[in-house]
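Chemist: Chains as they are written, first to last, in the numbering used here: chain R, 48 to 186; chain X, 48 to 186.
Protein chains: 2
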Amino acid sequence: MSDLLERLRGRGWRMTAQRRVVAEVLDGDHVHLTADEVHARAVTRLPEISRATVYNTLGEMVTLGEVIEVATDGRAKRYDPNAHRPHQHLVCGRCGAIRDVQPGGDPLADLPDSERFGFTISEVEVTYRGICPSCATTA
Amino acid sequence: MSDLLERLRGRGWRMTAQRRVVAEVLDGDHVHLTADEVHARAVTRLPEISRATVYNTLGEMVTLGEVIEVATDGRAKRYDPNAHRPHQHLVCGRCGAIRDVQPGGDPLADLPDSERFGFTISEVEVTYRGICPSCATTA
DNA sequence: TCCTACATTGGACTAAGTCCAAGTCAAGCA
DNA sequence: TGCTTGACTTGGACTTAGTCCAATGTAGGA
Chain R
48 MSDLLERLRG RGWRMTAQRR VVAEVLDGDH VHLTADEVHA RAVTRLPEIS RATVYNTLGE
108 MVTLGEVIEV ATDGRAKRYD PNAHRPHQHL VCGRCGAIRD VQPGGDPLAD LPDSERFGFT
168 ISEVEVTYRG ICPSCATTA
Chain X
48 MSDLLERLRG RGWRMTAQRR VVAEVLDGDH VHLTADEVHA RAVTRLPEIS RATVYNTLGE
108 MVTLGEVIEV ATDGRAKRYD PNAHRPHQHL VCGRCGAIRD VQPGGDPLAD LPDSERFGFT
168 ISEVEVTYRG ICPSCATTA
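1) Ignore the nearest five residues each way along the sequence and tell me which others in Q149(R)'s own chain have a CB closer than 8 Å to its CB.
2) Does DSSP put L111(X) in a helix, a strand or coil?
3) In chain R, which residues lie with their C-beta within 8 Å of the C-beta of D157(X)?
4) Just the Cα atoms here: how many angstroms apart are K124(X) and I168(R)?
5) Taking 7 Å as the CB-CB limit, is E172(X) close to chain R?
6) Can you list the residues of chain R that Y175(X) reaches, using a CB-CB cut of under 7 Å?
7) Near V85(R), which residues of its chain fall below 7 Å by C-beta distance, leaving aside the five closest residues on each side in sequence?
8) E84(R) versus chain X: which residues are under 7 Å apart at the beta carbon?
9) Okay, do the stretch 165 to 184 of chain X and the stretch 161 to 179 of chain R touch, 3+ Cβ pairs below 8 Å being the bar?
10) Can you find a C-beta in chain X that's less than 7 Å from the C-beta of H99(R)?
11) Use the C-beta contact count for A89(R): other C-beta atoms within 10 angstroms, 16 or more gives buried, fewer gives exposed.
12) In angstroms, rounded to a whole number, what distance separates the CA positions of C142(R) and C182(R)?
13) Is the Cβ of E162(R) closer than 7 Å to any Cβ of chain X?
14) Establish whether the CB of R146(X) and some CB of chain R are separated by less than 7 Å.
15) Using a Cβ-Cβ cut-off of less than 8 Å, list which residues of the stretch 61 to 77 of chain R approach chain X; keep chain order.
16) Could you name each continuous beta strand (DSSP E) segment of 3 residues or more that falls completely within the stretch 105 to 153 of chain X, going from the start of the chain to the end?
17) Tell me the DSSP secondary structure of E170(X) in three-state form.
18) Taking C-beta pairs closer than 7 Å, name the residues in chain X that A130(R) reaches, listed in chain order.
19) Distance cutoff 7 Å, beta carbons only. Does G59(X) sit that close to anything in chain R?
20) Please name the residue or residues paired with Y175(R) in a DSSP beta bridge.
21) Since P180(R) meets chain X, which of its residues come closer than 8 Å, beta carbon to beta carbon?
22) Is the separation between the beta-carbon of A118(X) and that of A118(R) shorter than 7 Å?
23) Could you tell me the alpha carbon to alpha carbon distance between T91(R) and V114(R), rounded to whole angstroms?
24) Take R67(X) and list the residues in its own chain whose beta-carbon comes closer than 7 Å to its own, dropping the five residues that flank it on each side.
25) Pop quiz: G140(R) and G177(R) are said to be a contact at Cβ under 8 Å. What is the actual Cβ separation, rounded to whole angstroms?
26) Could you tell me if D147(X) is buried or exposed, where buried requires 16 or more neighbouring beta carbons within 10 angstroms of its beta carbon?
Shown next as structure tokens:
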């Protein structure tokens with residue numbers, strides 16, 4: 048059973064077959080699906096689910112802070128259910144594979160006041176880019 | 048005169064009125080325009096320039112490493128001519144303002160081997176998010 | 001000046017996402 | 001259990017960002 052689903056239920060979310068399916072599709076580690084991918088997988092379990100509902104549901108999950116939106120490539124946004132453990136992303140520039148990673152240190156501490164331009168900073172996002180092992184071997 | 052334009056000329060780029068205008072529009076610090084914004088500004092100087100040319104030209108500048116593509120918001124990509132000084136971005140979540148910033152420290156060093164999953168990492172991108180001073184006062 | 005390879009154009013096309021009016025249904029209440 | 005109702009879902013039209021291509025134009029070398 049999905050942790051994500053449990054948490055959503057606990058927030059008084061009205062439970063529908065559509066939302067359940069979206070939550071189930073998004074369960075797991077290193078999951079970074081686009082909205083269309085979520086829809087494609089949801090359709091296999093609930094053929095009549097619409098794209099609009101998938102977008103609505105993903106948007107609500109993001110608003111509730113249960114899912115994170117990731118824009119690693121300037122194409123479609125990806126949805127990451129690993130919202131309760133702070134982490135960053137490691138992206139393969141060739142195949143697009145994405146891994147969640149946890150760097151040590153506090154990147155925010157590296158930004159001196161003189162470089163903050165008076166902003167109140169609330170969040171730091173780090174994307175490591177490179178080549179994954181399987182792309183490296185099939186050069 | 049634009050530094051960017053000088054560098055492009057030095058690479059044997061065939062110089063056309065369109066390319067000159069795009070390069071001029073992209074000159075300066077803290078410049079992060081979308082392709083459409085570049086086009087809108089280019090049109091005021093060269094009314095017949097087409098969107099396709101703006102996209103082509105921006106794409107070439109990125110390939111040549113003279114301009115950086117920035118995807119801070121999952122909407123339109125932005126183009127940053129500050130390609131020769133390594134820097135990161137500070138983004139206002141309310142008005143979308145973007146500043147170039149130079150953090151101290153090496154974020155790559157913060158990622159232990161055990162968190163690299165065998166990737167060869169070539170690049171690290173950091174986005175600081177918060178509220179800019181003028182949005183903070185007009186709460 | 002002429003040639004030609006490279007650049008530009010505009011319009012059609014695709015991908016990603018939003019919006020909306022009409023229909024459906026979960027869940028609390030009697 | 002059966003209503004009722006407000007929240008949810010639907011599909012299709014629409015918007016935005018970007019790509020593609022065949023026809024046309026032109027920078028720069030000979």
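All C-beta atoms, glycine included, are put in the ideal place defined by N, C-alpha and C.
Modeler: In terms of the structure at hand:
1) R132, P133, H134 and Q135
2) coil
3) P150, G151, G152 and P154
4) Cα to Cα, the separation comes out at about 22 Å.
5) yes
6) Contact annotation for Y175(X) against chain R: L158, I168 and V171 [CB-CB distance below 7 Å, chain order].
7) V69, V72, L73, V101, L105 and Y126
8) Within 7 Å Cβ-Cβ: nothing; E84(R) doesn't reach chain X, min ~16 Å.
9) yes
10) Per the sequence presented here, residue 99(R) reads as Ala, with His not at that position. For A99(R), the answer is no, since every Cβ of chain X falls outside 7 Å of its Cβ.
11) buried
12) 7 Å
13) With 7 Å as the cut-off, E162(R) counts as an interface residue toward chain X.
14) yes
15) none
16) Every unbroken stretch of the beta strand (DSSP E) spanning 3 or more residues and falling wholly within the stretch 105 to 153 of chain X is given here in chain order: 115 to 117, 125 to 127, 135 to 139 and 145 to 148.
17) strand
18) Simply none; closest approach about 16 Å.
19) Not an interface residue.
20) L137(R) and V171(X)
21) F164, G165 and F166
22) yes
23) 22 Å
24) L52
25) 7 Å
26) buried
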